[in-house]
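Trainee: Protein chains in written order, with this note's numbering: chain A, 2 to 221; chain B, 81 to 244. For glycine and all other residues, C-beta sits at the position ideal for the given N, C-alpha and C. I have a structure I would like to understand better, so I am pasting it below and will then ask my questions one at a time.
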Amino acid sequence: MKRSYGLLAIAALLIIGLCGIVYRSVHRDAEAPAEKTSSAKQAAGGAATAGSAELAELRQELAQLRRQVWTQGLRLGPADPAQATSQDPTAAKNPSTDPEARVEQERKYKEYMAGVDAAFRKEVTDPAWSSATSSVVQTALVADNDLRPLARSVECRARTCRVEIADDGSGKLGKSIPMFAQEVGHSLPSVTADRVEDASGAATMVLYMTRPEETPETAP
Amino acid sequence: MSSKLVILGSLLVAGTVVPFSDTANADNLNTSGVICQNFNASQALDIDYFTNAVRNINAAARPVICSVPRSPLPLNVIPQYFVDGRNNANTCTACTVTMYRFTGAIAATQSFNQCAPAAAPLTWRRVVAFPTLPGPDTFEYASVLCTLPGAGAGLLYGVTAVQP
């Protein structure tokens with residue numbers, strides 16, 4: 002009985018030591034699995050020199066287990082995400098490869114933009130800020146030769162301006178909008194954009210341009 | 081007895097190894113300013129490079145556009161960037177980070193204006209954070225547009241996409 006208690010105590014100490022070794026070796030990210038195996042073998046050799054055959058046996062088991070875990074990890078993470086989806090139908094669909102997931106992502110984006118628009122509509126207009134900031138936005142739009150004919154409306158409330166710009170499909174907006182955003186960046190550094198199409202297929206870029214939180218209530 | 085101990089020990093060890101083997105870390109993506117180019121075709125000769133920066137050698141301010149390599153972020157992680165540069169005394173650099181979708185449509189921009197004080201040059205780093213994007217951030221690209229002051233008075237060192 003006493004002997005078995007002694008063995009249990011030794012085994013417990015060995016397990017704690019092994020956990021420490023495992024923890025350290027797992028955190029060596031750059032180490033290749035093959036190197037991990039060889040270090041485990043080295044560890045096993047060290048144990049043999051310590052004279053404990055049982056310890057050597059345990060460490061060999063550990064090396065084998067680590068090899069198995071590593072191999073399992075490779076099996077669980079295939080390189081082709083489409084293959085992963087086909088293997089496991091319950092897995093989350095990847096929008097990069099799954100058109101349905103892409104549609105779902107678009108739906109979520111529209112939902113998000115609807116929330117941005119609702120937040121804008123809830124803002125109670127601050128007449129002073131609204132007037133001054135509208136003027137800044139209008140001035141920047143008029144100064145841009147490409148944007149001037151495309152600008153549709155500007156509405157500023159308490160901390161956000163909603164700006165509609167027609168998308169003529171020429172691709173010019175990709176050049177003009179970031180410059181326009183930079184132009185009014187002093188007053189409205191944050192912009193969230195949405196591209197909406199009406200029934201006829203005509204597209205409009207809707208920009209929600211927001212002032213920073215810390216800006217005082219007075220106009221810039 | 082000893083075989084039972086081996087089994088017990090193996091189970092404990094496996095329990096320790098498996099959770100750690102699933103841990104994945106992403107690294108930030110640092111991009112040198114030498115990747116930047118003239119934003120307008122006619123201004124190509126105004127943009128000059130060092131090994132560590134881009135500058136504008138025209139007398140007037142000029143915009144440069146830089147690609148910002150990035151990886152999709154986990155759900156509910158805000159896209160965040162660092163922009164690094166330097167300005168001579170009393171000059172300013174204005175930058176706009178743009179995130180756009182796989183459709184080409186601009187999703188969001190964040191702008192800042194960084195000036196050096198009147199008396200001394202300033203080496204600066206600006207943090208640019210976007211609001212949370214909806215759903216998985218799978219398709220968003222990023223670029224940064226910076227308007228550099230004239231006469232080489234401003235340097236853009238680079239941009240970092242934060243990848244938590």
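1) State the CB to CB distance for the pair R135 (chain B) and G238 (chain B), rounded to an integer number of angstroms; the pair is presumed to be in contact (CB under 8 Å).
2) Starting from the beta carbon of Q243 (chain B), find every residue of chain A whose beta carbon is closer than 8 Å, and list them in chain order.
3) Let me know if M210 (chain A) comes out buried or exposed under the rule of 16 or more other beta-carbons within 10 Å of its beta-carbon.
4) Spell out whether any CB of chain B is found under 8 Å from the CB atom of T193 (chain A).
5) Nearest CA to the CA of V137 (chain A): which residue from A:T193, A:G202 and A:C157?
6) Examine chain A for any beta-carbon lying closer than 8 Å to the beta-carbon of L155 (chain B), and answer yes or no.
7) Taking only beta-carbon atoms, is F130 (chain B) less than 8 Å away from chain A?
8) Please go through the same chain and pick out, in chain order, the residues whose beta-carbon is closer than 6 Å to the beta-carbon of A188 (chain B), but skip the five residues on each side of it.
9) Measuring only the C-alpha atoms, how far is A182 (chain A) from A106 (chain B)?
10) So, for E198 (chain A): in the same chain, excluding its five sequence neighbours on each side, which residues have a beta-carbon less than 6 Å away from its beta-carbon?
11) Which of the three DSSP states, helix, strand or coil, is assigned to E105 (chain A)?
12) If we count the other Cβ atoms within 10 Å of its Cβ and call it buried at 16 or more, is V208 (chain B) buried or exposed?
13) Report the residue from B:G232, B:A231 and B:C226 whose alpha carbon sits nearest the alpha carbon of V163 (chain B).
14) Can the beta-carbon of S191 (chain B) be found closer than 8 Å to that of G186 (chain A)?
15) Kindly identify the DSSP beta-bridge partner or partners of Y180 (chain B).
16) 8 Å is my cut-off, CB to CB: does A182 (chain A) come that close to chain B?
17) May I have the straight-line CA-CA distance separating N138 (chain B) from D168 (chain A), to the nearest angstrom?
18) Going by DSSP, what residue range makes up the alpha helix (DSSP H) through G175 (chain A)?
19) When you compare the stretch 192 to 201 of chain B with the stretch 145 to 160 of chain B, are there three or more beta-carbon pairs, one atom per stretch, that lie closer than 8 Å?
20) Does any residue of chain A have a CB that is nearer than 8 Å to the CB of I115 (chain B)?
21) Which residues does DSSP pair with P143 (chain B) in a beta bridge?
22) One question on the structure: do I166 (chain A) and R153 (chain A) come within less than 8 Å of each other, judged by their Cβ atoms?
23) Given a threshold of 16 other Cβ atoms within 10 Å of its Cβ, counted over all protein chains shown, does A196 (chain B) qualify as buried or as exposed?
24) Checking the sheet assignment: what are the DSSP bridge partners for R206 (chain B)?
25) Span of the beta strand (DSSP E) holding T205 (chain A)?
26) Assuming P229 (chain B) and N167 (chain B) form a contact by the criterion Cβ under 8 Å, report the distance between their Cβ atoms to the nearest whole angstrom.
27) With L142 (chain A) as the anchor, note down where its alpha helix (DSSP H) starts and where it stops.
28) Measuring straight from C-alpha to C-alpha, what distance separates K123 (chain A) and G116 (chain A)?
29) For P90 (chain A), collect the residues of the same chain with a Cβ closer than 7 Å to its Cβ; drop the 5 residues on either side in sequence, then sort them by chain order.
30) May I ask you to list, following chain order, the residues of the stretch 148 to 171 of chain A that have a beta carbon less than 9 Å from some beta carbon of chain B?
31) For P201 (chain B), return the contacting residues in chain A, with the cut-off set at a CB-CB distance below 8 Å.
32) Count the other CB atoms, across all protein chains shown, that sit within 10 Å of the CB of Q117 (chain B); report buried if there are 16 or more and exposed otherwise.
33) Please classify L236 (chain B): does DSSP put it in a helix, a strand, or coil?
34) Return yes when the Cβ of I145 (chain B) is within less than 8 Å of the Cβ of S223 (chain B), no when it is not.
35) Considering A106 (chain B), what are the terminal residues of the beta strand (DSSP E) in which it resides?
36) Quick one: residues in its chain with C-beta nearer than 8 Å to the C-beta of S39 (chain A), no 5 flanking neighbours on either side, listed in chain order?
Mentor: This is what the structure gives:
1) Here the question's residue 135 (chain B) lines up with position 55 in the second sequence. Here the question's residue 238 (chain B) lines up with position 158 in the second sequence. Their Cβ separation, rounded to whole angstroms, is 13 Å, which puts R135 (chain B) and G238 (chain B) out of contact at 8 Å.
2) Translated into the one-based positions of the second sequence, residue 243 (chain B) becomes position 163. Ordered by position in chain A, no residue passes the 8 Å Cβ test against Q243 (chain B), which lies about 15 Å from the chain.
3) For the purposes of this step, residue 210 (chain A) is identified with residue 209 of the first sequence, where counting begins at 1. Flag for M210 (chain A) reads buried.
4) Sequence index remark: in the first sequence, residue 193 (chain A) carries index 192 (1-based). By this cut-off, T193 (chain A) is an interface position.
5) By 1-based counting over the first sequence, the position of residue 137 (chain A) is 136. Comparing Cα-Cα distances from V137 (chain A) to each of A:T193, A:G202 and A:C157, the minimum goes to A:C157.
6) On the second sequence, position 75 is the one that residue 155 (chain B) refers to. Closer than 8 Å: no.
7) Indexing the second sequence from 1 puts residue 130 (chain B) at position 50. Residue-level contact by beta carbon fails for F130 (chain B) and chain A, as no gap is shorter than 8 Å.
8) Start at 1 with the first residue of the second sequence, and residue 188 (chain B) comes out as number 108. If we look at A188 (chain B) and ignore the five residues flanking it on each side, its Cβ neighbours are M179 and F210.
9) Position 181 of the first sequence, counted from the first residue, corresponds to residue 182 (chain A). Position 26 of the second sequence, counted from the first residue, corresponds to residue 106 (chain B). For A182 (chain A) and A106 (chain B), the distance between alpha carbons rounds to 31 Å.
10) For the purposes of this step, residue 198 (chain A) is taken as the residue at position 197 of the first sequence. Contacts found: A204.
11) As a working note, residue 105 (chain A) is residue 104 in the first sequence. Note: E105 (chain A) maps to helix in three-state DSSP.
12) Locating residue 208 (chain B) in the second sequence gives position 128, where the first residue counts as 1. Buried is the call here.
13) What you label residue 163 (chain B) is simply residue 83 of the second sequence in a count that begins at 1. The residue with the shortest Cα to Cα distance from V163 (chain B) is B:C226.
14) Counted from its first residue, the second sequence places residue 191 (chain B) at position 111. Counted from its first residue, the first sequence places residue 186 (chain A) at position 185. A contact, by the Cβ cut-off of 8 Å.
15) Residue 180 (chain B) sits at position 100 when you count from the first residue of the second sequence. In the DSSP secondary-structure assignment, Y180 (chain B) is bridged to B:I186 and B:Y221.
16) Sequence index remark: in the first sequence, residue 182 (chain A) carries index 181 (1-based). With 8 Å as the cut-off, A182 (chain A) counts as an interface residue toward chain B.
17) Along the second sequence, one-based indexing puts residue 138 (chain B) at 58. Along the first sequence, one-based indexing puts residue 168 (chain A) at 167. About 33 Å.
18) Here residue 175 (chain A) refers to the residue found at position 174 when the first sequence is read from its first residue. Its alpha helix (DSSP H) spans residues L174 to E184.
19) no
20) Numbered from 1 along the second sequence, position 35 holds the residue referred to as residue 115 (chain B). Residue-level contact by beta carbon fails for I115 (chain B) and chain A, as no gap is shorter than 8 Å.
21) In the second sequence, counting from the first residue as 1, residue 143 (chain B) sits at position 63. In DSSP, P143 (chain B) forms a bridge with B:T227.
22) The count along the first sequence starts at 1 and reaches residue 166 (chain A) at position 165. The count along the first sequence starts at 1 and reaches residue 153 (chain A) at position 152. In this structure, R153 (chain A) lies closer than 8 Å to I166 (chain A) by Cβ.
23) The count along the second sequence starts at 1 and reaches residue 196 (chain B) at position 116. Answer is buried; the Cβ neighbour count reaches 16.
24) The sequence position of residue 206 (chain B) within the second sequence is 126, counting from 1. Its beta-bridge partners are B:V163.
25) Translated into positions along the first sequence, residue 205 (chain A) becomes position 204. Looking at the DSSP string, the run of the beta strand (DSSP E) that includes T205 (chain A) is A204 to T211.
26) As a position in the second sequence, residue 229 (chain B) is number 149, starting the count at 1. As a position in the second sequence, residue 167 (chain B) is number 87, starting the count at 1. Between N167 (chain B) and P229 (chain B) the Cβ distance is about 7 Å, and since that is below 8 Å, they are a contact.
27) The residue you call residue 142 (chain A) lines up with position 141 of the first sequence. Looking at the DSSP string, the run of the alpha helix (DSSP H) that includes L142 (chain A) is P128 to A144.
28) Start at 1 with the first residue of the first sequence, and residue 123 (chain A) comes out as number 122. Start at 1 with the first residue of the first sequence, and residue 116 (chain A) comes out as number 115. Rounded to the nearest angstrom, the two C-alpha atoms are 11 Å apart.
29) Taking the first sequence and counting its residues from 1, one reaches residue 90 (chain A) at position 89. For P90 (chain A), the predicted structure reports a pLDDT of 49, less than 50, and the residue's modelled location is therefore unreliable. A value from the coordinates is still provided. Closer than 7 Å at the Cβ level, and outside the excluded window around P90 (chain A), lies no residue.
30) D168
31) As a first step, residue 201 (chain B) must be located in the second sequence, where it is residue number 121. Near P201 (chain B) there are no residues of chain A at all, since even the closest Cβ is about 22 Å away, more than 8 Å.
32) If you number the second sequence from 1, residue 117 (chain B) lands on position 37. Exposed.
33) Start at 1 with the first residue of the second sequence, and residue 236 (chain B) comes out as number 156. In the structure shown, L236 (chain B) sits in a strand (DSSP, three-state: E or B).
34) Position 143 of the second sequence, counted from the start, is the residue given in the question as residue 223 (chain B). Position 65 of the second sequence, counted from the start, is the residue given in the question as residue 145 (chain B). Yes.
35) On the second sequence, residue 106 (chain B) is found 26 positions in, with the first residue counted as 1. Per DSSP, A106 (chain B) lies in no beta strand (DSSP E) segment and is marked neither H nor E.
36) Here residue 39 (chain A) corresponds to residue number 38 of the first sequence, with the count starting at 1. Its pLDDT being 42, under 50, S39 (chain A) is placed unreliably by the model, and nothing is read from it.
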